[in-house]
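J.:
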Amino acid sequence: MDLATIREIARQKLSPACKVCPECNGVACAGQVPGMGGVGTGRSFHNNMEALAACRLHMRTVHDVVEPKKNCTILGMDLAIPVIGAAIGGISFNANNVMPEVDYCRTVVEGCKSAGVICMTGDGPVATVFDSGLVACRESGGYAIPIIKPREPEAVIEMANRAAEAGAPAFGMDIDAAYLVNMKRAGQPVFPKTVDQLAKIKRETKIPFIVKGIMSPIDAELCCQAGVDAIVVSNHGGRALDDLPGTAEVLPEIADAVDGRLTILVDGGIRSGGDILKMLALGADAVLVGRPLMVGAAGGGAEGVAFMLNKMAGELEAAMILTGTADVADVDPDVIW
Ligand SMILES: Cc1cc2nc3c(=O)[nH]c(=O)nc-3n(C[C@H](O)[C@H](O)[C@H](O)COP(=O)(O)O)c2cc1C
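Quick note on numbering that gives the first Met the number 0: the sequence shown kicks off at 0 and runs consecutively.
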């Protein structure tokens with residue numbers, strides 16, 4: 000299996016939803032939601048890419064780092080590299096119906112598991128989306144983290160407890176989907192959440208609670224107050240609101256505000272091992288990768304997903320050695336030039 004073949008097969012299967020562009024930056028798919036793009040002009044997606052590209056690395060080669068430590072533990076989960084597959088739901092209407100929802104969940108979860116990491120799964124206007132994640136979670140022995148839309152707190156609690164029963168090591172809520180039109184249209188209303196509602200969800204669930212879609216230090220502070228276990232700094236891959244900054248721009252001030260009180264994950268435009276290292280240097284504990292795993296799944300199944308992750312692992316190792324970084328759990332901010 001090689002990258003060119005995976006990409007060519009993925010292009011044939013995903014077109015027209017995704018053109019598998021040389022750089023996956025949200026330009027060709029701008030406005031394609033439903034689809035694989037970012038909402039409106041697509042600038043939030045594009046800003047994720049620009050923000051990461053604006054960070055240059057600081058090369059250091061006079062040191063003794065030859066076998067950097069790439070594995071880590073996040074919320075009690077052992078990861079071969081500090082990467083988690085991002086949730087991608089709604090395969091039928093977003094991804095050219097490339098495969099049934101349940102097969103997509105099985106494929107990415109299995110691919111992540113074989114690369115030594117874990118994968119988030121999604122939620123949507125039809126029950127199949129969430130339930131497919133639970134199937135993959137159960138079948139894999141708990142390698143999925145189901146992410147629930149910001150429904151009524153009671154509904155989130157009920158779904159989170161189903162996730163726990165399926166063996167999930169954690170669950171999340173993509174709070175940035177608080178105005179998702181297709182949920183409202185399908186009679187599945189979604190809402191922003193108060194600190195008290197977040198605290199109630201945390202209190203009435205049994206596994207670690209991740210709030211996905213935080214873009215402000217104020218909201219990060221409120222998540223700390225609510226007692227959530229982790230946040231994902233994310234603009235939903237540019238799909239929540241137009242004209243948001245790139246996640247790499249807001250991550251440092253969020254990390255400052257959190258000051259170690261909870262785990263910080265981040266996503267948006269992470270395409271290489273160098274990008275992973277940049278996000279760790281900017282304050283994240285681990286990252287999520289979305290669209291590249293869709294390309295891997297469409298072009299090469301579970302093996303294609305693992306291929307994409309192993310490629311990033313190799314690039315991460317190169318970036319660590321060439322910046323003198325010994326451990327992913329201790330990345331010097333000076334790694335950014
Ligand atoms: C087609 C598509 C569907 C998505 N569905 C979900 C979802 O159901 N739940 C969720 O939390 N995030 C969802 N996301 C957002 C991703 O989890 C992630 O935040 C984003 O894709 C990361 O950016 P990247 O694709 O540039 O890596 C979706 C993204 C895409 C492209």
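All residues carry an ideal CB built from backbone N, CA and C; glycine is no exception.
The structure displayed is predicted, hence computed values, not measured ones.
Quick one: does K69 have its CB under 7 Å from some CB of chain E?
T.: No chain E is part of this structure, which consists of one protein chain only.
J.: Can you find the residues in the same chain that come closer than 6 Å, C-beta to C-beta, to R290, ignoring five residues on each side of it along the sequence?
T.: If we look at R290 and ignore the five residues flanking it on each side, its Cβ neighbours are C23.
J.: Hey, how far is the Cα of I275 from the Cα of D195?
T.: Roughly 33 Å between the two C-alpha positions.
J.: Quick check on T193: buried or exposed, where buried means 16 or more other Cβ atoms within 10 Å of its Cβ?
T.: That one is exposed.
J.: Does the region 96-108 come into contact with the region 61-78, if we say contact requires no fewer than three beta-carbon pairs (one atom in each stretch) closer than 8 Å?
T.: In short, these stretches do not touch, since the Cβ pair count stays below three.
J.: Is the closest heavy atom of ligand 1 to the C-beta of H235 under 6 Å?
T.: Yes.
J.: Distance, Cα to Cα, K199 vs T60?
T.: K199 and T60: Cα-Cα distance of roughly 50 Å.
J.: Shortest alpha-carbon distance to V108 belongs to which of S233, M311, A296 and K310?
T.: Looking at the Cα atoms, A296 is the closest of the given residues.
J.: Using a Cβ-Cβ cutoff of less than 6 Å, which residues in the same chain neighbour R55 once the five nearest sequence positions on both sides are dropped?
T.: Correct list, in chain order: W336.
J.: Just to check, is the beta-carbon of K205 closer than 6 Å to a non-hydrogen atom of ligand 1?
T.: No - ligand 1 has no heavy atom lying nearer than 6 Å to the Cβ of K205.
J.: State the Cα-Cα distance for the pair A126 and S271, rounded to the nearest angstrom.
T.: One C-alpha to the other measures close to 33 Å.
J.: Examine ligand 1 and report whether any of its heavy atoms sits within less than 6 Å of the Cβ of V286.
T.: Result no, Cβ not under 6 Å from ligand 1.
J.: In chain order, which beta strand (DSSP E) runs of at least 3 residues are fully inside the region 118-197?
T.: List check, beta strand (DSSP E) in window: 143-147 and 170-173.
J.: Does at least one heavy atom of ligand 1 sit under 6 Å from the Cβ of K211?
T.: Yes, Cβ of K211 sits closer than 6 Å to a heavy atom of ligand 1.
J.: With a threshold of 6 Å, establish whether the CB of I146 neighbours any heavy atom of ligand 1.
T.: Yes, ligand 1 has a heavy atom inside 6 Å of this Cβ.
J.: On the three-state DSSP scale, how would you describe K211?
T.: In the structure shown, K211 sits in a strand (DSSP, three-state: E or B).
J.: Am I right that G156 and T204 are in contact with their C-beta atoms under 8 Å? What's the rounded C-beta distance?
T.: Per the sequence presented here, residue 156 reads as Ile, with Gly not at that position. The pair is a contact, with the Cβ atoms about 6 Å apart (cut-off 8 Å).
J.: Can you grab the Cα-Cα spacing for the pair A413 / C222, in whole Å?
T.: Residue 413 lies beyond the residue range present for the chain, which begins at 0 and ends at 336; the question has no answer from this structure.
J.: CB of N95 to nearest heavy atom of ligand 1: below 6 Å?
T.: Every heavy atom of ligand 1 is 6 Å or more from the Cβ of N95, so no.
J.: Go through the region 68-92 residue by residue and report every complete run of the alpha helix (DSSP H) that reaches 4 residues or more, in order.
T.: Complete alpha helix (DSSP H) runs here, min 4: none at all.
J.: By DSSP's criteria, A56 is part of a beta bridge. Which residues make up the other side?
T.: Rather than Ala, the amino acid found at residue 56 in this sequence is Leu. L56 is bridged to I335.
J.: Output needed for L179: all residues of its chain with C-beta closer than 7 Å, excluding positions within five of it in sequence on either side, in chain order.
T.: K148 and V189.
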